[in-house]
Ligand code: CA
């Protein structure tokens, strides 16, 4: 066994490498995206929820974008106003034949007269997350993408931070049917505010693959692009997504294949995305909507540390940050 010392050295080297790899893996920078702002604490997409998300040091703050009648990009989750405003009281005669109120039917000036509140079920009037900010209290308004960028850039200046924006183009086909090119309008505003390359602290996202591909190839955007994914069948389209996008935003459930008493097992989504150099930012980490998880800590541990996601969207950026820091 005169080779024994060499064998020991080789084994030690392998062991050190694997420890180093583990360390590198555990110290990977995880991206925390404040989903609709700090929406676990304040009504989603309000300026207040964005300011709180900034104070919590999220890496990015999300904006969902829908156009007004006069082509102003409004920060709101849906093309409808019904579930987050008092539109049915304020403008009872402005609903469409389907009984719903559309952002696109109102000017920005009109939209600013609405009260925004914690998300509720417009049929029952009950708020969706009962333990969150009380519906119908305090006073919040809708605002434009420009208002929000100026808030975040202003806070970056006054605090010395460099927190990014993470805008989502909502329903491009619906906008197109209503004669509006939402992507072009949003891209022009982003450029005006200094967001035009992958180094500019801006990630642009969209569920519509055709539109995101158009943003890259036809509108020639050089921004960091994330393809949002809704259905598990889309896991087979990663190579196409990688032809124009830099990352994917899947529902976190599509990272998990099963849960047993011994733990979780995972689909190949993250591994395949990483092979294609796509970052993976799943949605949505909510402390008050845990599904199959025992705790928020377990949810984050499973999706980030076990499944290997690179970050994600959360309504509770402070709590996600705290859990990730403990792990490190
Ligand atoms: Ca969104």
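Residue numbers (the working numbering): 9 to 336.
Built from N, CA and C at the ideal position, the CB exists for glycine as well.
Here the structure is a predicted model, which is why all the values come from computation and not from measurement.
Fill in: Same chain, Cβ closer than 7 Å to residue 50, five either side skipped, listed in chain order
56, 57, 60 and 141
Worksheet item: Hey, is the segment 179-186 in contact with the segment 212-227, meaning 3+ C-beta pairs nearer than 8 Å?
Response: yes
Item to complete: State the DSSP-derived secondary structure class of residue 162, mapped to helix, strand or coil.
Response: helix
Worksheet item: Taking 6 Å as the cut-off, is the CB of residue 279 close to at least one heavy atom of ligand 1?
Response: no
Worksheet entry | Near ligand 1: residue 176 beta-carbon under 6 Å from a heavy atom | yes
Practice prompt. Output the distance between the C-alpha atoms of residue 253 and residue 101, rounded to the nearest integer angstrom.
Written response: 42 Å
Worksheet item: Quick one: what's got a C-beta closer than 6 Å to residue 186's C-beta in the same chain, skipping five residues either side?
Response: 112
Discussion item. Mapping the DSSP letters down to three states, classify residue 298 as helix, strand or coil.
Written reply: coil
Discussion item. Quick check: the Cα distance between residue 119 and residue 196, rounded to an integer number of angstroms?
Written reply: 22 Å
Worksheet item: Sorted by chain position, which residues of the same chain lie with C-beta nearer than 6 Å to residue 135's C-beta, five sequence neighbours on each side aside?
Response: 126, 128 and 143
Fill in: Assigned secondary structure, residue 110 (DSSP; H/G/I helix, E/B strand, else coil)
strand
Worksheet item: Which two residues bound the contiguous beta strand (DSSP E) that contains residue 174?
Response: 172-177
Item to complete: Going by CA-CA distance only, name the one from 283, 284 and 260 that's closest to residue 273.
Response: 260
Item to complete: Give the secondary structure of residue 239 by DSSP, where H, G and I count as helix, E and B as strand, and everything else as coil.
Response: coil
Worksheet item: Considering only residues of the same chain and omitting the five flanking positions on each side of residue 85, which have a CB-CB separation below 6 Å?
Response: 72
Practice prompt. May I have a chain-ordered list of the alpha helix (DSSP H) segments no shorter than 4 residues that lie completely inside the segment 178-220?
Written response: 180-185 and 190-200
Worksheet item: Which first and last residues belong to the alpha helix (DSSP H) in which residue 68 is found?
Response: Per DSSP, residue 68 belongs to no alpha helix (DSSP H); it is in the beta strand (DSSP E), 68-75.
Discussion item. Please tell me whether, using a cut-off of 6 Å, the distance from the CB of residue 72 to the nearest non-hydrogen atom of ligand 1 is below it.
Written reply: yes
Fill in: Contact between the segment 309-319 and the segment 274-284 (3+ Cβ pairs under 8 Å)
yes
Worksheet item: Per DSSP, which one or two residues make a beta bridge with residue 291?
Response: 259
Practice prompt. Buried or exposed for residue 265, please, with buried defined as at least 16 other CB atoms from any protein chain shown within 10 angstroms of its CB.
Written response: exposed
Worksheet item: Which of helix, strand or coil does DSSP assign to residue 245?
Response: helix
Worksheet item: Within this structure, are the beta carbons of residue 108 and residue 90 separated by less than 7 Å?
Response: yes
Worksheet item: Would a C-beta distance cut-off of 7 Å place residue 43 and residue 300 closer than the cut-off?
Response: no
Worksheet item: Nearest-angstrom Cα distance between residue 145 and residue 80?
Response: 27 Å
Discussion item. Please state whether the Cβ-Cβ distance between residue 110 and residue 87 is less than 7 Å.
Written reply: yes
Practice prompt. Apply the 10 Å Cβ neighbour rule to residue 247 and answer buried if 16 or more other Cβ atoms are within range, or exposed otherwise.
Written response: exposed
Practice prompt. Use the C-beta contact count for residue 321: other C-beta atoms within 10 angstroms, 16 or more gives buried, fewer gives exposed.
Written response: buried
Fill in: Straight-line gap, residue 257 to residue 97 (C-alpha atoms, nearest Å)
36 Å
Worksheet entry | Reduced DSSP category for residue 329 - H, G, I as helix; E, B as strand; rest coil | helix
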